[in-house]
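What follows is a single structure, written as C-alpha cells, with notes after it.
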Amino acid sequence: MAPKKAATATAPATKKATAKPTKAAVVKKAPAAKPAAKPPIPEKPVANTTRKRKTKDEYDVDQIGEEPEQPKTKAGAALKKTATAKVTVEEKKAAPVTKKTALAKKPAAKKPTAAKKSAVPAKKATPAPEDDKENAKPAALKVNGKRKREEDEESEETPEEAEEKSEEPPVKKTKTAAAAKKAASPKPTRPKITFPKIGVKINSAPDAVLQIFVMGEGSSGELGMGSKRIGGKMPIDVKRPRLNPLLSSKDVGVVQIACGGMHAVALTKDNKILTWGVNDQGALGRETTWDGGLRDADAPEDEEDEDDDDDDDTGVNPRESTPTEVNTSGIAPGTKFVQVVASDSASFALTEDGRVYGWGTFRASDGVLGFSPEVSVQMIPTLLPEPKKVVQLACGSNHVMALDNKGKVLTWGCPEQNQLGRRCVLRDIKESALRPGGVGLKRGVHVQKLACGSYHSFALDKKGQVYAWGLNNFGELAIEEGAGEDDACVLEATYIKALSGHKIIDIVGGEHHSLACTDDGKVITWGRVDGGQCGVPKSYLNHDNAIYDARGFPRILMKPTVLEGVSNAISVAAGTDNSFALTSAGQAYSWGFSTNYQTGQGTTDDIETPALVDNSAVRDKKLVYAGCGGQFSILASVDEDTPMTNGVNGAN
C-alpha cells in the first residue's frame, strides 16, 4: 500500500517535486467542472527562473522543440524551461490540434493518479524518455483566450510563492499515515504459555538405575531397540530376555518404566521421559513422522533384489522404535517427575508436587473417545487441571486411576465396562467420563495402592483387603455374580470376599484374568484360563472351581487359586494373556499365551504353569521389575555399579 511505501529511502528525493503533479490534477478538473475557476496551482511553465524542475511524471511524449540538454543546476533548468515555454505557447496559437498532440494528452490525464501515489518509488512507474518529457506538457494544454489570460496572470507569481507551493507536505502526510499503520499493526508474536506455580513436594522419584531387558515381537518398535540389526541380532521376535543397548544404564539411566498396549514409557535419572512404540494416537508424546519404509513399485527388478539383500534393516519406523524424549514445550520449567504409566493409546506422568501430565487419547468401542472434553487427541504432554496432590497412578487399556494424598480414588477415561467405578451421564459422556471423578468407597477404607486390568480396577487398602469394580464376564474380579455372562459388570467398588483369607501386598489385572501375591509370598490367580493365563494345569480344573464353555472346555477359573511352583513372590505383572511373578531372590517366573515370545521362554507354545525365565542375560541379575504389553514384556534389574542412595528402586 502507498502509505506503507512512504517510509522508503526514495521518499526524500521526490519531496519537493510532488507539488507539480498536484497542479496538473487541478488543471485537468477545472475545465470540466468550473471553467472560470482559478486553479490553486498553475500548470503552465512560467518565466520565473526560481521555478523548480518538473518531475519525471510531468513530462509527455510530444516533442516540439529541439532535444534539450539535461540541466546541471536548478537555475539552468529554470531558464531552459522558460525559453521552451515561450516557444511552445506561440506555436500553439497558430497550430491546430493534431493527432500527435491528442495522443500526447493521454499521459497528462494520468497525472492525478501519479500525484496521489507520489510516495511510491519512481522505479515502479513507467516514465517516458527524458527528451520528450521536457516539452510534452504545453502540448497537453488547451489554449484559448480566457484560459490563457488566467494562466498568464498566474505565471506572474513571485519566487516566494513558487517556493511555498513547491514545499507542500504530501510526503510528510504519507509518512505519518505509514507510521500510524505500522503502530496499528504490530508484528504478531507467539503467545507465551503460562504455567501454574510448582507446589510443595509430596512425592520422591526412584533413583536406582536399571538395566532393561526386553522380549517379544517388536515389529511395531515396542522393544525400543531401533530398526536395524544390533550386534548381529535383529530387534524383532526376541525369544528370550535381551539387554537393550539403547537404554544403557550408563548413558541413559532408566529409573522407572511402564508398558502400554503397544508402546512403553521410561523415566530417567536426569528427569527425562522417553517413549517408543506405536504412536497412532499420540501415545509417544512427540513427532514420529517418517517417509521411509516404502518400496517403489516401478523400480527395476535388479534394484529390488539389492534391497532384498539388505537384511540389517527391519523397515520399522526408526523414530518410533528408538527411545526418544517427549516434546517438553508444554511442561513447566523445573518440573520433576516421579512415575510414568501407560494405557493402550495414552501415557501419563506424575510430578513431585502431585500434578499429572498426559498425552494421547482414550478409545471406546466405536473409535476415539477423546483425551479430554475439549481435546480429541493430545499430541504432546500437557498439564491436567485435575487431579491434584496425587501420590500414585495406574492405567488400564483405556482408563486411568489416581490416588491422592488423602486416600481418595479418582478415575477418568472410557466408562463402557464400568471400569471407572462411578456413574457417567450417557448424554454427555465426554464431560462426565473424561474429567476425573471420585470412586465411592466405604467410610474407614484407607487405600494404599491402585491396580488395573484392561477393563477392570482394583483398590488395595492398608489391611491387605481388595475392592474391585468393572468388567466381570470372565470372573476377573473374583466375584461369582455375573461371571460367564456377556457384558457382566460390577458397578461400584465391591469388597472381594474370596480373598478374605489372605493379606494381599500386590495385585494386577490382564485383559480377562487377574493375579495377586500375599504377604507370605504366595501367588493367587483367577479369571480366564483357555490360554494358560492363570498358570494352573488343566488337570486341576473341575466343575467345582471352573466354568466350562458349550464345547466342554474349561473357560473360567472362578475361585482364586494359589499357584504351585512359585514361592517368596514379592510382585506380579500381567499382559493381555500372560503373567509374571518376581521373587525376593530376584528371579522371574512366567506363564500363559506365548505366540509372540512374550513369556521370554523361547517358544510360541502356551506356557501352562509357571516357568523360570532363565538365560545368560538375566541369570545372574536380581530382577526388580516385570511389565507386560500386548505382545511384548520387559524385565529390569538394578545396575550393580550404581549405588542406591535411599534404598528406592524402579519397581512400581
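The letter at position 68 of the sequence shown is residue 68 when you use UniProt numbering, and the numbering goes up by one with no holes. Don't be surprised by glycine CBs; every beta carbon is placed ideally from N, CA and C. Bear in mind the structure is a predicted one, so any value in this text is a computation, not a measurement.
Helix, strand or coil for residue i? Go by DSSP, reduced to three states.
i, result
"D404", "strand"
"Y495", "strand"
"L247", "helix"
"P318", "helix"
"Y455", "coil"
"K559", "strand"
"L426", "helix"
"residue 653", "Nothing can be reported for residue 653, as the shown portion of the chain is limited to 1 through 652."
"K233", "strand"
"R51", "At R51, the pLDDT of 43 sits below 50, so the modelled position is not reliable and the matter cannot be decided from this model."
"S219", "coil"
"S539", "helix"
"C259", "strand"
"T194", "coil"
"G358", "strand"
When burial is assigned at 16 or more other CB atoms within 10 Å of the CB, is residue i buried or exposed?
i, result
"E134", "The predicted position of E134 is uncertain, since its pLDDT is 41 and thus under 50; no value can be drawn from it."
"D544", "exposed"
"D605", "exposed"
"I64", "Bear in mind that the predicted position of I64 carries a pLDDT of just 38, short of 50, making it too unreliable to give a figure here."
"K269", "buried"
"F337", "buried"
"H512", "buried"
"T361", "buried"
"I479", "buried"
"T289", "exposed"
"N418", "buried"
"T576", "buried"
"A561", "At residue 561 the sequence reads Thr, which differs from the Ala that was named. With 16 or more Cβ atoms within 10 Å of its Cβ, T561 is classed as buried."
"G501", "exposed"
"V368", "exposed"
"S616", "exposed"
"I193", "exposed"
"S329", "exposed"
Give a yes or no on whether the C-beta atoms belonging to residue i and residue j are separated by under 8 Å.
i, j, result
"L210", "F632", "no"
"G444", "R422", "no"
"V523", "P554", "no"
"A332", "I507", "no"
"C259", "S343", "no"
"S584", "G592", "no"
"L274", "T324", "yes"
"I504", "A493", "no"
"N473", "E485", "yes"
"S321", "G221", "yes"
"W359", "G413", "no"
"A349", "E416", "no"
"Y625", "G216", "no"
"L612", "L582", "no"
"P373", "L434", "yes"
"V618", "F213", "yes"
"Q392", "L384", "no"
"G470", "S457", "yes"
"G277", "H263", "yes"
"V638", "A266", "no"
Just to confirm the assignment, what range does the alpha helix (DSSP H) spanning residue i have?
i, result
"A433", "I429 to A433"
Along the chain, where does the beta strand (DSSP E) containing residue i start, and where does it finish?
i, result
"W591", "A588 to G592"
"A468", "V466 to L471"
"N578", "N578 to T583"
"G367", "G367 to G370"
"H502", "Per DSSP, H502 belongs to no beta strand (DSSP E) and is neither H nor E."
"Q378", "Q378 to L383"
"A349", "A346 to T351"
"R528", "V523 to R528"
"S571", "A569 to A574"
"C395", "V390 to C395"
"T288", "Unbroken run through T288: none, as it is neither H nor E."
"F362", "F362 to A364"
"V265", "H263 to T268"
"H512", "Segment: none, H512 is in no beta strand (DSSP E) and carries neither H nor E."
"F337", "F337 to A342"
"V566", "Careful: V566 lies outside any beta strand (DSSP E) and carries neither H nor E."
"V409", "V409 to G413"
"A546", "A546 to Y548"
"T275", "I273 to G277"
Within the 8 Å Cβ cut-off, does residue i reach chain C?
i, result
"S514", "Within the model displayed, chain C is absent; a lone protein chain is all it includes."
| Can you give, in chain order, each stretch of the beta strand (DSSP E) that sits fully within the UniProt repeat "RCC1" (586 to 639) and has at least 3 residues? | The qualifying runs are 588 to 592, 607 to 612, 623 to 628 and 632 to 638.
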